[in-house]
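Below: one structure, written as structure tokens.
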């Protein structure tokens, strides 16, 4: 990855679309920003919630090329925007699409022992996978998952629910819950033995199939049912393109498999150099069970992936060149992204780090929605999902009691930088 220049530090007055109080209907929002005609423009035909488009346009104008050229002396610094991928730039999960395509086409290789695939895999999960997938297939050969529903079910249940088909926990032991989650790391480990080019091809085949499937369609994976379709959000595609035209460096930061993320990100004009995801260690050109480390941590079996605080670490390390333990820390504003976009708790740390705007697609995830609705700096922008948005969450987000995920996995009250507790927040921006 190339080192991007530091994000600009000038403050941008972003309207508080997600601020506390009554929901902001478009007519009740602040007066729209009037962008300079020469600046790259977001497509006004694409619908955003409230004044979100105006706020984003203001950020583009102030931090982008025309804003820099109009300031005395100009600036050669390029601001950075970073986006989560699944359910932020696209609707639905492209990592699952890649895994499902592999299962449907017998691309998962039998491990010597299923316990080799994850350091946290429980004995119950090892037994369930061994019984379901059998031992007749030679080690290193493809499992017949296209016809063996039992094997497919166990793999997919462990990936999506972190449990076996019998309901036993699939992962156990200790891990830092703000740096990794075993079932996410496990997908990359399931592709052990393959080359990056092969996994890229599986991702591309899944991409083609899911883009052709009708919106709202479903498919069977063993006995599981999951969405069959994926769509690029036109609004996000336009936002990324406009940011790039305005001189921003745009990155994708995903907790998915690197080669799958790269295959999909090119569809919005983000190349592999600007795509950060779970990066497998290779041996003789083939994927192993180990992943590269971040923030001074060595390569491991999934202990430091781009997940919650891990996304901050990988941004600091890969984009800003910050090495060692400092990569886990929040940096000064000159070395932070200008815009962060996400949809889930896994994104909350890096989205919160943004100095200009924090864009959140509402999927009813507690930690990120507590931050967004508390809107401590007035720069949080909440938008319903652009396709099949969720209805209003009936109960408040439990920010004051269990809104924060601790390193040991326990939940506690969410606090602001001054130590005060964020009160529970009601859902105010929804489909």
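In my numbering, the protein residues as written are 2 to 432. Where a beta carbon is used, it is the ideal one built from N, C-alpha and C, also for glycine.
(request) Alpha carbon to alpha carbon, how far is residue 416 from residue 425? Give it in angstroms, no decimals. (result) Indexing the chain shown from 1 puts residue 425 at position 424. Indexing the chain shown from 1 puts residue 416 at position 415. Each residue's Cα considered, the two are about 11 Å apart.
(message) Between the alpha carbons of residue 2 and residue 206, how many angstroms are there, rounded?
(response) As a first step, residue 2 must be located in the chain shown, where it is residue number 1. As a first step, residue 206 must be located in the chain shown, where it is residue number 205. The pLDDT assigned to residue 2 is 42, lower than 50, so where the model puts this residue is not dependable; a value taken from the coordinates is nonetheless given after this. Taking the straight line joining both Cα atoms gives about 26 Å.
(request) Throw me the rounded Cβ distance for the residue 80 and residue 351 pair, which I believe falls under 8 Å. (result) Position 79 of the chain shown, counted from the first residue, corresponds to residue 80. Position 350 of the chain shown, counted from the first residue, corresponds to residue 351. That belief does not hold up - the Cβ atoms of residue 80 and residue 351 are roughly 15 Å apart, past 8 Å.
(message) In the DSSP output, which residue or residues are listed as bridge partners for residue 225?
(response) Reading the chain shown from its first residue, position 224 is the one you call residue 225. 222.
(message) Please report the distance separating the alpha-carbon of residue 431 from that of residue 41.
(response) Position 430 of the chain shown, counted from the first residue, corresponds to residue 431. Position 40 of the chain shown, counted from the first residue, corresponds to residue 41. About 29 Å.
(request) Compare the C-alpha of residue 91 against each of 418, 389 and 405 and name the closest. (result) Locating residue 91 in the chain shown gives position 90, where the first residue counts as 1. Selected option, being the one with the closest Cα: 389.
(request) Ignore the nearest five residues each way along the sequence and tell me which others in residue 420's own chain have a CB closer than 7 Å to its CB. (result) In the chain shown, counting from the first residue as 1, residue 420 sits at position 419. Excluding residues within five positions, none has a Cβ falling inside 7 Å.
(message) Once DSSP output is grouped into helix, strand and coil, what is the label at residue 234?
(response) By 1-based counting over the chain shown, the position of residue 234 is 233. Reduced to three states, the DSSP call for residue 234 is coil.
(request) State the CB to CB distance for the pair residue 412 and residue 240, rounded to an integer number of angstroms; the pair is presumed to be in contact (CB under 8 Å). (result) If you number the chain shown from 1, residue 412 lands on position 411. If you number the chain shown from 1, residue 240 lands on position 239. Residue 412 to residue 240, Cβ: 32 Å. No contact.
(message) Taking the alpha helix (DSSP H) that residue 317 belongs to, which residues open and close that run?
(response) What you label residue 317 is simply residue 316 of the chain shown in a count that begins at 1. Per DSSP, residue 317 belongs to the alpha helix (DSSP H) from 310-319.
(request) Can you tell me which of 303, 403 and 314 puts its alpha carbon nearest to the alpha carbon of residue 122? (result) Within the chain shown, the letter at position 121 stands for residue 122. The option with the nearest alpha carbon to residue 122 is 303.
(request) Output the boundary residues of the beta strand (DSSP E) element that contains residue 279. (result) The residue you call residue 279 lines up with position 278 of the chain shown. Element bounds for residue 279: 276-279.
(message) Which of the three DSSP states is assigned to residue 62 in this structure?
(response) On the chain shown, position 61 is the one that residue 62 refers to. In this structure, residue 62 counts as helix in the three-state DSSP scheme.
(message) Quick check: the Cα distance between residue 4 and residue 213, rounded to an integer number of angstroms?
(response) Residue mapping note: residue 4 aligns to position 3 of the chain shown, counting from 1. Residue mapping note: residue 213 aligns to position 212 of the chain shown, counting from 1. Only weak support is given to the placement of residue 4: the predicted model assigns it a pLDDT of 39, under 50, and the value that follows is read from those uncertain coordinates. The straight-line gap from Cα to Cα measures roughly 36 Å.
(message) Between which residues of its own chain and residue 181 is the CB-CB distance below 7 Å, once the five residues before and five after are set aside?
(response) By 1-based counting over the chain shown, the position of residue 181 is 180. The residues are 303, 304, 305, 306, 308 and 311.
(message) Just verifying my parser: in three-state terms, what is the DSSP assignment at residue 143?
(response) Translated into positions along the chain shown, residue 143 becomes position 142. It is a strand residue.
(request) Kindly indicate which residue of 44, 173 and 89 has the alpha-carbon position closest to the one of residue 409. (result) Counting from one through the chain shown, the residue named residue 409 turns up at place 408. With distances taken between Cα atoms, residue 409 lies closest to 173.
(message) I believe residue 231 touches residue 211 by the beta-carbon criterion, under 8 Å. Please report the beta-carbon distance rounded to the nearest angstrom.
(response) One-based indexing of the chain shown puts residue 231 at position 230. One-based indexing of the chain shown puts residue 211 at position 210. Indeed, because the Cβ distance is near 4 Å, the residues count as touching under 8 Å.
(request) Could you say which of 259, 423, 178 and 63 lies nearest to residue 400 if we only look at CA atoms? (result) Taking the chain shown and counting its residues from 1, the one referred to as residue 400 is at position 399. When only C-alpha atoms are compared, the closest one is 423.
(request) Quick one: residues in its chain with C-beta nearer than 8 Å to the C-beta of residue 289, no 5 flanking neighbours on either side, listed in chain order? (result) Within the chain shown, numbered from 1, the residue matching residue 289 stands at position 288. These residues qualify, in order along the chain: 193, 281, 282 and 283.
(request) Compare the Cα-Cα distances from residue 369 to each of 296, 130, 146 and 428 and report the closest residue. (result) Within the chain shown, the letter at position 368 stands for residue 369. Minimum Cα distance to residue 369 is reached at 428.
(message) Taking the straight line between their C-alpha atoms, what separation do you get for residue 120 and residue 113?
(response) On the chain shown, residue 120 is found 119 positions in, with the first residue counted as 1. On the chain shown, residue 113 is found 112 positions in, with the first residue counted as 1. So the alpha carbons of these two residues sit roughly 14 Å apart.
(message) Quick check on residue 229: buried or exposed, where buried means 16 or more other Cβ atoms within 10 Å of its Cβ?
(response) The residue labelled residue 229 in the question sits at position 228 within the chain shown. When all chains shown are included, residue 229 counts as buried.
(message) On the criterion of 16 or more Cβ atoms from any shown chain inside 10 Å, does residue 29 qualify as buried, or is it exposed?
(response) Here residue 29 refers to the residue found at position 28 of the chain shown. Confidence at residue 29 is low in this model, with a pLDDT of 34, below 50, so the placement of that residue is unreliable and no value is reported for it.
(message) Quick check on the burial criterion: 16 or more other C-beta atoms within 10 angstroms. Buried or exposed for residue 137?
(response) As a first step, residue 137 must be located in the chain shown, where it is residue number 136. It counts as exposed.
(message) Tell me which residues share the same chain as residue 142 and place their Cβ nearer than 7 Å to its Cβ, disregarding the 5 neighbours each side in the sequence.
(response) Along the chain shown, one-based indexing puts residue 142 at 141. Answer for residue 142: 110 and 111, listed in chain order.
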